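To start, the structure itself, in structure tokens.
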């Protein structure tokens, strides 16, 4: 091929040239979570993979979604909630908590434009 594209795009082109259909999958992300979630963007479906992740970041994302009991007999898998955003207002102390599950927690004293959008996106508020 004369064009210079990354390996995954080149492999997709080779498969298509063999006569097989190739589709994009919204669960597969071409960038890291930092890039994909920049500017308050939301993932529309739970992620299956990201490109450009280091070993520590892969482990951190896994550890944030899978929890074992101390004796390892029980396991809770929160993969379907990975990187979902929940916003909660604690009226008694006047703080807003914006949690992107498995990724970040932001605390503020008021709702900015981004927080207001996330409040609308979250639908219903969830108490912790």
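In the numbering used here, the protein residues as written are 62 to 189. All C-beta atoms in this analysis are idealised placements derived from N, C-alpha and C, irrespective of residue type, glycine included. Everything numeric in this text was worked out from a predicted model, so none of it was measured.
* To do: Just tell me which of 108, 76, 126 has its CA closest to the CA of residue 86.
  => Locating residue 86 in the chain shown gives position 25, where the first residue counts as 1. A check of alpha carbon separations from residue 86 across 108, 76, 126 identifies 108 as the nearest.
* Leaving out five residues on either side along the sequence, give the residues of the same chain with a beta carbon under 6 Å from the beta carbon of residue 110. => If you number the chain shown from 1, residue 110 lands on position 49. Sequence-distant Cβ neighbours of residue 110 in its own chain, meaning closer than 6 Å and more than five residues away, are 89.
* Residue of 68, 69, 66, 165 minimising C-alpha distance to residue 145 -> To locate residue 145, count along the chain shown from 1; it is residue 84. Among 68, 69, 66, 165, the Cα nearest to that of residue 145 is on 165.
* Asked: Under a three-way DSSP split, which group does residue 240 fall into?
  -> No answer is possible for residue 240: the residues shown for the chain start at 62 and end at 189.
* With distances taken between CB atoms, is the gap from residue 150 to residue 139 smaller than 9 Å? -> As a first step, residue 150 must be located in the chain shown, where it is residue number 89. As a first step, residue 139 must be located in the chain shown, where it is residue number 78. Not in contact: residue 150 and residue 139 (Cβ atoms no closer than 9 Å).
* Which residues mark the beginning and the end of the alpha helix (DSSP H) in which residue 73 is found? -> As a first step, residue 73 must be located in the chain shown, where it is residue number 12. Looking at the DSSP string, the run of the alpha helix (DSSP H) that includes residue 73 is 68-78.
* Can you name, in chain order, every residue of its own chain whose Cβ lies under 7 Å from the Cβ of residue 105, other than the five neighbours on each side? -> Taking the chain shown and counting its residues from 1, the one referred to as residue 105 is at position 44. Answer for residue 105: 87, listed in chain order.
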